[in-house]
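K.L.:
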Amino acid sequence: MKLILAVVATDQTQVGGGAPIFYARSEEEKTQLALLIAKILGAAVHDLHNGVLVVVQH
Amino acid sequence: MARLYMLRRDYRQYPSYPQGWAVHLFVGFIGAAIGAVIVPAVLEKEYAAVSFLILAASQFREVRNVERATLGAMESTELVQRGTAYIEGIARVFEARNYLSIWVAFSVAVVAELGVEPLWVRLGACALAGLLVTMLLSRLMRGLKIGDIAAVELAQLYFEGALLKVEETVMMNVGLHAARAVYMERGLAAKIIPDGPNAKATLANLGQMQAIAHDVAAMIGVYMDVGEQEFIPMVRRNPGSGCLYLVMVPSEADEQAFLAAVRRVPVLEGAVRKPLTSVAGKMVD
Chain A
0 MKLILAVVAT DQTQVGGGAP IFYARSEEEK TQLALLIAKI LGAAVHDLHN GVLVVVQH
Chain B
0 MARLYMLRRD YRQYPSYPQG WAVHLFVGFI GAAIGAVIVP AVLEKEYAAV SFLILAASQF
60 REVRNVERAT LGAMESTELV QRGTAYIEGI ARVFEARNYL SIWVAFSVAV VAELGVEPLW
120 VRLGACALAG LLVTMLLSRL MRGLKIGDIA AVELAQLYFE GALLKVEETV MMNVGLHAAR
180 AVYMERGLAA KIIPDGPNAK ATLANLGQMQ AIAHDVAAMI GVYMDVGEQE FIPMVRRNPG
240 SGCLYLVMVP SEADEQAFLA AVRRVPVLEG AVRKPLTSVA GKMVD
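In order, the protein sequence lines correspond to chains A and B. Under numbering that gives the first Met the number 0, the first sequence has 55 at position 56, and the numbering climbs by one with no breaks. Under numbering that gives the first Met the number 0, the second sequence has 59 at position 60, and the numbering climbs by one with no breaks.
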């Protein structure tokens, strides 16, 4: 089963809801955060093309 | 006397990995013993013995269960999983091999009972019969490879935003720039073009797709570690053409080895479909 483990975004107005949300201050920090979270959880990072990254367990 | 030939027959029992070698050698030996004993038993009109032997032969079904359980238990330790369809196929092959050893021993026993004299001629005839039947059966049992039912060629992979694509088919969403760079630098993609409607239906089997990913990864190695889901080999299907696309990051970027590996993936027995043998299938074609 696929599961969104975390959401990483820069814009606070863009995201909300159930999954853990991590706010980053820059694009660079966003990618770095997503990478670290994915490595910790053994999951994959996917780009939603609107500035939001999701970490998904496959 | 036939026991001698049973032993040589058992060399076919080599499993694909050495740990299981002894187990399968022994089970094959039992199978060969059964095959060889059937002929004298019938000749002596010992029908009770024959039915007992048939009962013993049915025990070989256990082999399939054991093999399935072993591979199923090891599945979680594979970087790229085999998939249940592939495990089922392997288990079936192991079971069938035992029946093959019965057949060969049986044929050898028949030749031995023909009573050719002198003894060394009989020995020679038995050996020849065993060899011939072994060769015949192994040829019949060989099965198809992907290269037999489809053309395999290299394809170009590219990114459209985060979407990894091969031709027009989306393979996956890769979020990290670093992972995209690895794909652009080392990734390889193959296009598997089915030869006809039969091959198209066979390749559409999910188990077959997973088997391709597993086998290619096993043959040429995969550039990934535990938990790196970005680099898991992906097989996707183009619903329009029925073509399969395989994308992966091999540990060595050797294009020819990559293509050869794809061509050598076995076609799973459980995946084979033949729509062309049906009336409706012919009408669609």
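Cβ atoms here follow ideal geometry from the backbone N, Cα and C, with glycine treated the same way. Bear in mind the structure is a predicted one, so any value in this text is a computation, not a measurement.
1) At least one CB of chain A closer than 7 Å to the CB of B/E268: is that the case?
2) Have a look at B/V278, B/V215, B/L275 and B/I101 and flag the residue whose alpha-carbon is nearest the alpha-carbon of B/E251.
3) Quick one: what does DSSP say B/D9 is sitting in, helix, strand or coil?
4) Going by C-alpha to C-alpha distance, which of B/W119, B/A108, B/R121 and B/E61 sits closest to B/A95?
5) What residues in the stretch 144-176 of chain B have a beta carbon less than 9 Å from any beta carbon of chain A?
6) Please determine, among B/L78, B/I29, B/A32 and B/I33, the residue with the shortest C-alpha to C-alpha distance to B/P232.
7) If you reduce the DSSP assignment to three classes, tell me which class B/M247 lands in.
8) Quick check on B/Q80 - is its C-beta less than 7 Å from some C-beta in chain A?
9) Output, in sequence order along the chain, the residues in the stretch 6-39 of chain A whose CB is closer than 8 Å to any CB in chain B.
10) How about B/G241: is its C-beta nearer than 7 Å to some C-beta of chain A?
11) Got a sec? Which residues, its chain only, sit under 8 Å from A/N67 by beta carbon, not counting five neighbours each side?
12) Is B/I231 helix, strand or coil when you go by DSSP?
13) What is the C-beta distance between A/V51 and A/A43, in whole angstroms, given that I count them as a contact (C-beta under 8 Å)?
14) Compute the Euclidean distance between the alpha carbons of B/R141 and B/E268, then round it to the nearest angstrom.
15) DSSP three-state call for B/K281: helix, strand or coil?
16) Residues of the stretch 61-92 of chain B with a CB closer than 9 Å to any CB of chain A: list them in chain order, please.
17) Take the Cβ of B/N64 as the centre, count every other Cβ of all protein chains shown within 10 Å, and call the residue buried at 16 or more, exposed below.
18) Identify every run of the beta strand (DSSP E) within the stretch 88-153 of chain B, keeping only runs that are complete inside it and at least 3 residues long; order them along the chain.
19) Quick one: what's got a C-beta closer than 7 Å to B/L201's C-beta in the same chain, skipping five residues either side?
20) Measure the alpha-carbon distance for B/L163 versus B/V234 and round it to whole angstroms.
21) Measuring CB to CB, does B/A32 end up less than 7 Å from B/A40?
22) Please list the terminal residues of the continuous beta strand (DSSP E) segment that includes A/K1.
23) Going by beta-carbon coordinates alone, are B/I37 and B/F105 separated by less than 7 Å?
24) List, in chain order, every chain B residue whose beta-carbon is nearer than 7 Å to that of A/L52.
P.N.:
Reading from the atomic positions:
1) no
2) B/V215
3) Confidence at B/D9 is low in this model, with a pLDDT of 48, below 50, so the placement of that residue should be treated as unreliable; the coordinate-derived value is given next. Three-state DSSP puts B/D9 in a helix.
4) B/E61
5) G160, A161, L162, M171, N172, V173, G174, L175 and H176
6) B/L78
7) strand
8) no
9) T30, A33, L34, A37 and K38
10) no
11) Here chain A comprises residues numbered 0 to 57, so residue 67 of chain A is not present and cannot be evaluated.
12) coil
13) Actually they do not touch by this definition, with Cβ atoms about 15 Å apart.
14) 11 Å
15) helix
16) none
17) exposed
18) none
19) Position check: residue 201 of chain B holds Thr in this sequence, whereas Leu was assumed. Excluding positions up to five away in sequence, the list reads I148, Q207, V266, A270, V271 and R272.
20) 12 Å
21) no
22) Element bounds for A/K1: n/a, residue is neither H nor E.
23) yes
24) G174
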